[in-house]
Amino acid sequence: MERLQQIIAAHASAEGPLLPILHDVQAEFGHVSEEAIRAIALALNLSRAEVHGVVSFYHDFHAEPDARPVLKLCRAEACQARGVEALAAGLPENPRVKVETVYCLGLCSVGPNAMVGSKVHARLDAAKLGALVEALA
Ligand code: FES
């Protein structure tokens, strides 16, 4: 709770503090709990429904902790031009891995790209992407 209050205090006086607070809470705790929503709403003079609405709208925020490894697949324009949509369509479901869509990882010239942790995997093809998912599962 103390860390949550520190995060809120760090952004509360900034303009548009809600998203930065939510990003920091998500990064710190791995999710945005009901307790956090209540505290943020109180601090920013918002309703809990308003904060909850933002949490549920954005992919980056999760109401529950999710321990699965995350593969972030870039589906922005440059990676689309290099075939990421076909890769995504052919990717077998694996319930032990969470595949999230992101929009640009900053390495557009070597796409299609995905990120696991802080490492970018470039020039993906179906075999490389499948192996990446299998290695995470
Ligand atoms: S569009 Fe995929 S890395 Fe930029």
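Quick note: the sequence shown uses UniProt numbering, first residue 1, plus one each step.
Just so it is clear, CB atoms sit at the ideal spot from N, CA and C, and this is done for glycine as well.
Sorry if obvious, but does the Cβ on residue i come closer than 7 Å to a heavy atom of the ligand FES?
| i | result |
| --- | --- |
| GLY16 | no |
| LEU73 | no |
| GLY117 | no |
| ALA78 | yes |
| LEU105 | yes |
Would you kindly work out how many angstroms separate the C-alpha atoms of residue i and residue j, rounded to a whole number?
| i | j | result |
| --- | --- | --- |
| ALA116 | ALA67 | Here residue 116 is Val; the residue named in the question, Ala, does not match the sequence. Those two C-alpha atoms are separated by around 14 Å. |
| SER118 | LEU71 | 10 Å |
| ALA49 | PRO65 | 20 Å |
| GLU85 | LEU18 | 32 Å |
| ASN45 | PHE29 | 22 Å |
| HIS62 | GLN26 | 7 Å |
| VAL133 | VAL102 | 16 Å |
| LEU129 | ALA89 | 12 Å |
| SER109 | LEU91 | 22 Å |
| ASN113 | VAL99 | 13 Å |
To the nearest whole angstrom, what separates the beta carbons of residue i and residue j, a pair I think is in contact under 8 Å?
| i | j | result |
| --- | --- | --- |
| LEU22 | VAL32 | 6 Å |
| LEU136 | PRO69 | 4 Å |
| ALA39 | LEU4 | 6 Å |
What does DSSP give as the partner residues of residue i in its beta bridges?
| i | result |
| --- | --- |
| GLU50 | Beta-bridge pairing links GLU50 to no other residue. |
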